[in-house]
Structure formats: C-alpha cells, structure tokens
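Comments concern the structure below.
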Amino acid sequence: MSTVRIRPRRSLLGRTVLSLASGAILCLLMGAGLFAYIHHLYASAGPLAKPKLVSVERGSGIRSIAEQLESQGVIRDAQLFMAAVLVTNNAAKLKAGDYRFPAAVSMREVLDDLVTGKALVYKLTIPEGWTSRQVVERVRAHEALAGEITSVPAEGTLLPETYIFERGKDRQAIIDEMANAQKRLLDELWPTRADGLPIKTREEAITLASIVEKETGVASERRQVAAVFINRLVKGMRLQSDPTIIYGLVGGAGSLGRPLTRKDIESKTDYNTYVINGLPPTPIANPGRAAIEAVLNPAQSSDLYFVADGTGGHAFAPSLKAHQENVRKWRQVERERRKQQAVALAAGQQAGPDDADSEEADPADQPAEENAAAGAAPQQPASTPASAAVKAAAAVAEETGAGEPPVPTGRPAAGRPGAQNPSADKTADKPASVKAARAEDAEASPAANGPASPNELGRVPIPVAKPRIPRQ
C-alpha cells in the first residue's frame, strides 16, 4: 500500500510576500531597461546630418531652448533634453550665444556645450562694397581674433560674407579664408557668364561689379545698373560713375566725408570714369555675390542712363530725351525737399545738410549743382530771419527752365543699411541719401567718350550741369 505525501499549503502571508518580491524584481528590471534605453538616447549619436549653427538667445528658458534644438534637428526629443537638464542640475547654467554643433552630436554633448560654452563661436560680417582696407580694419578690431595681418590684400580680392570662427583664430587666416571664398565663387560663376560681354577677364568682371555694388543698394536693380554700364562699354561711352571719383581721391578710405564738388568731378585720376575711358585699373571695393552675378548676367536692356526716382531707387532710360524727363522729375523731388527744409528752418528746427553751406564759401568748393544752376539764390545764413529764409528757399525750389540745363546722365546710389549693421548692414559703405551724377555722355559729346556711332556724327555737344551730390 503506497503512502500519499501531502504538501503543506503556503500561508497567505507567504504568498503575498513572494508576489510582492516578484513584482519588485520585475519593476527593477523594467526600470533598469528603461534607464538603459533613456541613457542610450541621451548618449548616442543624434539626428543632425551636417554641422549646424544655432543661436541661443539671451533670456531663453529651458523649454524654448529644448524646442529650438529639436525643431532644428539637433536633438530627437525636447522632453528628454529638459529632463536631462533638470536631473543634472544645469537649469541655471545654460549659456546664450552662437554654437556650431557637429554632425551626429549627442544630446549629452549638446548639453555639455551649452553649459561650458565649449562650442561657442563668433560671427564676423563683412558688408558688400567695403574696401580691402576697411575689411582689414574690422578684422583687426575683433577682440576674439588673434595674431596680425601681414598686409592689406589687393582691392576686390575678398568676398563680403559672414564668417564663423572660434575664439583665438588667427586674423590672417580669416583674411585668407575671404580670399579663397572669392576664388571659389568666381570658379563657380565665371563659366555661367552671358555671351558677348565686353568683359574679357575675371579681374574686369570684379572691377565692374565693384562699381555696380557702390552705385545701388537696391537688390532688384543690380542687373539693370549692370546693363547700363555694359551698354556704355559696348558703345565706347564713359561710365561716369561717382564712386570712381571718390576712390580716385581717397583710395581705400572708402568715404570722402563731404559732397563731391566740380573740382572733384574734373579731377584727373586713374579711377575717375568721367575722365578716363573704359574701366578703372582696379576694383574700387569688394563686391558681393549678387553684384558679380549681375555683371556676368546683366538684364536685357537698351538703357544708357539712370537717375534717382525719389523713392530710394532709380529711373532708367534708353535715350537722352527720356533721361532728361526723369531728371526733371528728380529735380521736382529735390525742390519739394527744399521746401520742407525751409519750413523746418522757419519753425526753428535743426537745418539739414543743404542748409549748412553759407554764401561766403568759395564757389569752386561748393557742391556742383549750386554752381551750375543759373540764377540760383544763395542759401541764407543761420542768422537770417525765418521769413526771409522761407522766401529764399521757395525761390530756389520754384526755379525751372533756363536755370536747369539738360542733364544727360545721373547715377545716384540709393542708401543702404549701415555697414556696421551688416546685413547688408548690407551698410555704411553707401551714401545715406540719393545722389545724382553730372551730365556728360557719348550722345552729347562723342569725341570725349570714344568712337561715335553714325547717328551721333555732327551733333553739337550739349552744355552740361553738374548737379549736387549729397554727403556720403
């Protein structure tokens, strides 16, 4: 007879303890797995496909920084990043600034960079139209750079752009980077140039682009302005560009610091395109990409002239007659502005630049327009009674006809944001006000401007005025 062994039943307490222990072990295992997964996400390569510059604004909170990093593809999960910041007790240690994160940077590396500032970089912006001397002065003045610049590069050999660097980078290395960037750009753009251009070398392209850059700050006009100069070169007409006058007088300084005068316009320098034929011997500034593109692919146009239109832009014309009508419109704008200045003067407000010239000044040194306009009333001294000042200004404003000889050409440069505000700042390199160039061109005086076309033969040169050019 077999004996049946009966196993004792476990107590309720024992079963409860065993169940709790099993659950705890399971929770620990799950927690460990979750921690390992989170740590993997935190420490593993991130989603960034290529290096990226990220600007963290001063005063940004943890959430906004995390969401910015996620939206720009630097990290995968903003919530996880926020948790990491809080767990590591770094909430008050994140530093604002510009950071350059490498490709596949991990979330841990991102947080470390934001806490230590290790990936903090600096930006140096060079505005379009600056001379090489101005560029060198800005690079030398940047406190985060080190070392010396050996020499000022040749005019037109640097590419205006925003350059990113880390503290301590050598100044000469930045200059070399600008030169290399311009060479690469020309390698890219030169093969795409239009057929039939009167430009034979890359150097000539940069020279003309530098003139276009200085003539207008309106992006949409660059190809039109380039077309005017291209058409003039094709016809053998002088370019008659005011910025070339200034460069011939002050070189790399960039600014004359006063209005152009009759003497300036007639100055015989190698750069004055009112005096010389064709292009000046070198560029007069460092043009940006858009100006170079405009010269290599100008607008399809027969225009030969342009003048300010009163809105910051220019009015273009293919003929002398059409241009003279545009000039008359521009002069009407100037008359209206003089009236407004007279009213402001009468009200005791501060006079503008045009009110500063007194009648005792040497006529040869007065702005060209005031010398050329026949019968123009002189500006009144500051001590003149308000009523007399208003009458004098009104007399000047209402002058028409004989007092304003035909002005065939005018190439005012529209003002741009200051170069100290580089974006393009696009910049302090351009005049703040619109300027009009003096009148002299191949239709008026073929002999002075190169070969005359058959329809120009026998024309009598037209008397020309040299309108005033406001301060740079």
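Going from the sequence shown to my numbering is simple: count from 1 and add 163. Backbone N, C-alpha and C fix where the C-beta goes; we use that ideal spot for every residue, glycine too.
Check for me: the alpha helix (DSSP H) holding K426 runs from which residue to which?
Sequence index remark: in the sequence shown, residue 426 carries index 263 (1-based). Residues 425-428.
Could you have a look at R356 and say whether DSSP puts it in helix, strand or coil?
By 1-based counting over the sequence shown, the position of residue 356 is 193. Correct three-state label for R356: coil.
From T279, G380, V299, residue whose alpha carbon lies closest to that of A415
Against the sequence shown, residue 415 aligns to sequence position 252. Note that residue 415 is Gly in the sequence shown here, rather than Ala. The residue with the shortest Cα to Cα distance from G415 is V299.
Counted within 10 angstroms of its Cβ, other Cβ atoms place N252 as buried (16 or more) or exposed:
Reading the sequence shown from its first residue, position 89 is the one you call residue 252. Per the 10 Å Cβ criterion, exposed.
Grouping DSSP H, G and I as helix and E and B as strand, with all else coil, what is H477?
One-based indexing of the sequence shown puts residue 477 at position 314. It is a strand residue.
Between the CA atoms of P361 and S482 - distance to the nearest angstrom
Indexing the sequence shown from 1 puts residue 482 at position 319. Indexing the sequence shown from 1 puts residue 361 at position 198. Each residue's alpha carbon lies about 21 Å from the other.
Going by beta-carbon coordinates alone, are L287 and R395 separated by less than 9 Å?
Along the sequence shown, read from residue 1 onward, the residue named residue 287 stands at position 124. Along the sequence shown, read from residue 1 onward, the residue named residue 395 stands at position 232. No, they are not a contact pair.
Quick check on the DSSP output: the alpha helix (DSSP H) that includes T436 runs from which residue to which?
Looking up residue 436 in the sequence shown gives position 273. Taken as a continuous stretch (DSSP letters only), T436 belongs to no alpha helix (DSSP H), as it is neither H nor E.
Does the region 338-349 touch the region 403-418, meaning 3 or more C-beta pairs lie closer than 8 Å?
no
When we look at the beta-carbon of A510 and count the other beta-carbons within 10 Å, is it buried (16 or more) or exposed?
Translated into the one-based positions of the sequence shown, residue 510 becomes position 347. The residue is exposed, with fewer than 16 neighbouring Cβ atoms inside 10 Å.
Tell me which residues share the same chain as T370 and place their Cβ nearer than 6 Å to its Cβ, disregarding the 5 neighbours each side in the sequence.
Within the sequence shown, numbered from 1, the residue matching residue 370 stands at position 207. L442, P446, listed in sequence order.
Using C-beta distances below 8 Å, list every residue in its chain close to A254, excluding the 5 sequence neighbours before and after it, in chain order.
Translated into positions along the sequence shown, residue 254 becomes position 91. Within the same chain, I225, V248 come within 8 Å of A254 by CB-CB distance, once the 5 residues on both sides are set aside.
Please state if the CB of V315 and the CB of S295 are separated by a distance shorter than 9 Å.
The residue you call residue 295 lines up with position 132 of the sequence shown. The residue you call residue 315 lines up with position 152 of the sequence shown. Yes. Within cutoff.
For the region 298-312 and the region 326-338, state whether three or more C-beta atom pairs, one from each stretch, are separated by less than 8 Å.
yes
If you draw a straight line from the C-alpha of A357 to the C-alpha of G473, how long is it?
On the sequence shown, residue 357 is found 194 positions in, with the first residue counted as 1. On the sequence shown, residue 473 is found 310 positions in, with the first residue counted as 1. Roughly 32 Å between the two C-alpha positions.
Counting only the same chain and skipping the five closest in sequence on each side, list residues whose C-beta sits under 8 Å from that of V397.
Position 234 of the sequence shown, counted from the first residue, corresponds to residue 397. P361.
Straight-line Cα distance separating A454 from R386
As a position in the sequence shown, residue 386 is number 223, starting the count at 1. As a position in the sequence shown, residue 454 is number 291, starting the count at 1. For R386 and A454, the distance between alpha carbons rounds to 8 Å.
How big is the Cα-Cα spacing for I188 and A212?
To locate residue 188, count along the sequence shown from 1; it is residue 25. To locate residue 212, count along the sequence shown from 1; it is residue 49. So the alpha carbons of these two residues sit roughly 40 Å apart.
Determine the contact status of L321 and R452, defining contact as a CB-CB distance below 9 Å.
To locate residue 321, count along the sequence shown from 1; it is residue 158. To locate residue 452, count along the sequence shown from 1; it is residue 289. No, the Cβ-Cβ distance between L321 and R452 is not below 9 Å.
How many angstroms separate the CA atom of L183 from the CA atom of L274?
In the sequence shown, counting from the first residue as 1, residue 183 sits at position 20. In the sequence shown, counting from the first residue as 1, residue 274 sits at position 111. Roughly 39 Å separates the two Cα atoms.
What does T288 pair with, by DSSP beta-bridge criteria?
Position 125 of the sequence shown, counting from 1, holds the residue named residue 288. Per DSSP, T325.
Secondary structure at S295, three-state DSSP: helix, strand or coil?
For this step, residue 295 is matched to residue 132 along the sequence shown. S295: helix per DSSP, three-state reduction.
Specify the secondary structure class of G260 as computed by DSSP and reduced to three states.
Taking the sequence shown and counting its residues from 1, one reaches residue 260 at position 97. If DSSP states are grouped into helix, strand and coil, G260 belongs with the strands.
Hey, would you say H477 sits closer than 9 Å to T379, going by beta carbons?
Numbered from its first residue, the sequence shown carries residue 477 at position 314. Numbered from its first residue, the sequence shown carries residue 379 at position 216. Cβ atoms of H477 and T379: closer than 9 Å.
Whole angstroms is fine: what's the gap from R491's alpha carbon to L508's?
Walking along the sequence shown from the start, residue 491 turns up at place 328. Walking along the sequence shown from the start, residue 508 turns up at place 345. Approximately 25 Å between the Cα atoms of the pair.
Please classify K502: does DSSP put it in a helix, a strand, or coil?
For the purposes of this step, residue 502 is taken as residue 339 along the sequence shown, with counting starting at 1. If DSSP states are grouped into helix, strand and coil, K502 belongs with the helices.
To the nearest angstrom, how far is it from the Cα of E230 to the Cα of A241?
Locating residue 230 in the sequence shown gives position 67, where the first residue counts as 1. Locating residue 241 in the sequence shown gives position 78, where the first residue counts as 1. If I take the Cα positions, the gap works out to 5 Å.
Assigned secondary structure, D472 (DSSP; H/G/I helix, E/B strand, else coil):
Walking along the sequence shown from the start, residue 472 turns up at place 309. D472: coil per DSSP, three-state reduction.
Can you give me the C-alpha to C-alpha distance between E324 and G292, rounded to a whole angstrom?
Taking the sequence shown and counting its residues from 1, the one referred to as residue 324 is at position 161. Taking the sequence shown and counting its residues from 1, the one referred to as residue 292 is at position 129. Going by the C-alpha atoms only, they are around 11 Å apart.
Classify S616: buried if its beta carbon has 16 or more other beta carbons within 10 angstroms, exposed otherwise.
Here the question's residue 616 lines up with position 453 in the sequence shown. Reliability of the predicted coordinates at S616 is poor, the pLDDT of 30 falling under 50, and no value is obtained from them.
Given a cut-off of 9 Å, decide if I428 and S418 are closer than it, judged by their beta-carbon atoms.
Mapped onto the sequence shown, residue 418 falls at position 255. Mapped onto the sequence shown, residue 428 falls at position 265. Taking 9 Å as the Cβ cut-off, S418 and I428 do not qualify as a contacting pair.
I need the DSSP call for S234, collapsed to helix, strand or coil.
Your numbering for residue 234 matches position 71 in the sequence shown. Three-state result, S234: helix.
Per DSSP, K215 forms a beta bridge with which residues?
Residue mapping note: residue 215 aligns to position 52 of the sequence shown, counting from 1. Note: K215 sits in a beta bridge opposite F264.
List the residues that DSSP assigns as beta-bridge partners of D333.
In the sequence shown, the residue the question calls residue 333 occupies position 170. D333 is bridged to A309.
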